[in-house]
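2 protein chains.
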Amino acid sequence: MVKYQASAIDRTFSALADPTRRYVLLRLKDEPGLSVSELARPFSLKLPGMMKHLDVLSDAGLITRTKNGRTVSVSLSAGPMREAMEWLRRYESLWTVSIDRLVALVEEDEEQ
Amino acid sequence: MVKYQASAIDRTFSALADPTRRYVLLRLKDEPGLSVSELARPFSLKLPGMMKHLDVLSDAGLITRTKNGRTVSVSLSAGPMREAMEWLRRYESLWTVSIDRLVALVEEDEEQ
DNA sequence: TTGATACTTCACCATATGGCAAAGTGTTGC
DNA sequence: GCAACACTTTGCCATATGGTGAAGTATCAA
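Same order as they appear, the protein sequences are chains A and B.
Under the numbering used here, the first sequence has 52 at position 52, and the numbering climbs by one with no breaks.
Under the numbering used here, the second sequence has 109 at position 109, and the numbering climbs by one with no breaks.
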C-alpha cells in the first residue's frame, strides 16, 4: 500500500469519517474542555479506545489537549473543518440555486 | 472491530479522505462522463485499483456509472457532498465573522 | 507514604483498505 | 468466428484501523 504521508485534508476527512469522532466533536462544541474520561463515558468504549480516536482528531488538528493536573481537557479547533468546507464548496454550484436566491435567503433570515 | 453498517455520511467522509478519489471527483466536475480507463490513465494505478476507488465512490453515492457498449461513463452525483457540508456548517460559527459581513461579501461579489 | 484517580503506553487481535496480477465477461470490428 | 478492447472479478498481499486487557506514569488526598 506504501502509505505516503497523508495530507492535512486527507487526515481531516478521514477523522470525520467515524461516528464516534463526529460525536466527540459535537459534544465539544457544546461543552468545551471536557476530559478524556467524560468523553469516553457515553460510549461502550474503554479509555485506550477513546485515546486512539483523540489521537486521530489531534493529528487532524481538530482538537487540542491541555493537561491540568491529572485530568486533560479537550477542546475544539475548527480550522481544518473550514478547509474541508472550502473543498466541498467547489461543488456547491451543482446543488444550489443562484446567488440571487442566496442573497434573498440571507435577507429573509435577517428580517426575523 | 465489529463493523456495524457504516452510515451514509460515514461513507461520504471516508470516500473523500483519499486524494485519488478527490481528484477523480474534480476531474468529473469538469469532464462529466469520463470512462473508467480515462480516469485511471493519469495515475500510476492499474484498472482494478481504480475500480476499487470507484466502488467506494459509488457506495457513498458520489458517482453513478452507466454502461455504453463496452465502455462505462462515470458522472458526479453531488448530493452526499451537500450533506457533508451541512454537517460542517454547524461549526461555521466558530470561524466566520457575522452574517452582516457575509451579506457585504455577497454584495461585493455581485458588483463585479 | 500510600492508595486511588486519570490518563498513557504497550502488546495483541480481527477486520478493512488499497494495491497487484491473472483470469473472466461482454462488445466491437474485421 | 475471432481478436482486440474495456471493463470486472478473483485471489492474494502488506499495512492501517479500531478495539481490548494489562502494565506504567503522574497527580491528588488523606
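Heads up, the beta-carbon is just placed ideally off N, CA and C, and yes, glycines get one too.
Same chain, Cβ closer than 7 Å to residue i, neighbours up to 5 away in sequence not counted
i       : result
A/Thr64 : Ser75, Ser77
A/Ala40 : Leu47, Met50
B/Thr71 : Ser35
8 Å CB neighbourhood of residue i in its chain, flanking five on each side removed
i       : result
A/Ala8  : Ala60, Gly61, Pro80, Glu83
B/Ala6  : Ser14
A/Gly69 : none
DSSP three-state assignment for residue i, whether helix, strand or coil
i       : result
A/Ser44 : coil
A/Ser35 : strand
B/Arg11 : helix
A/Arg82 : helix
A/Val2  : With a pLDDT of only 43 at A/Val2, under the threshold of 50, the placement of this residue in the model should not be trusted, and no figure is reported.
A/Leu16 : helix
A/Leu94 : helix
Residue i versus residue j: straight-line alpha-carbon distance, rounded
i       : j       : result
A/Ala17 : B/Leu94 : 21 Å
A/Pro19 : B/Leu26 : 26 Å
B/Phe43 : B/Leu34 : 14 Å
B/Ser37 : B/Ser58 : 16 Å
B/Val2  : B/Asp55 : With a pLDDT of 43 at B/Val2, under the threshold of 50, the modelled position of this residue cannot be trusted; read the value that follows with caution. Computed Cα separation, rounded: 22 Å.
B/Trp87 : B/Arg22 : 19 Å
B/Glu92 : A/Lys67 : 27 Å
A/Asp10 : B/Asp10 : 14 Å
Of the residues the options, the one placed nearest residue i, counting alpha carbons only
i       : options                            : result
A/His53 : A/Ala15, A/Arg11, A/Ala6           : A/Ala15
B/Leu45 : B/Glu86, B/Asn68, B/Val24, B/Thr71 : B/Val24
B/Phe13 : B/Leu28, B/Lys29, B/Met85, B/Ser73 : B/Met85
A/Glu31 : A/Ser73, A/Tyr91, A/Arg90          : A/Ser73
A/Arg90 : B/Lys29, B/Glu92, B/Arg11          : B/Lys29
Limits of the unbroken beta strand (DSSP E) element including residue i
i       : result
B/Ser77 : Neither: B/Ser77 is in no beta strand (DSSP E) and is coded neither H nor E.
B/Arg65 : 63-68
Extent of the continuous alpha helix (DSSP H) to which residue i belongs
i       : result
A/Arg22 : 19-30
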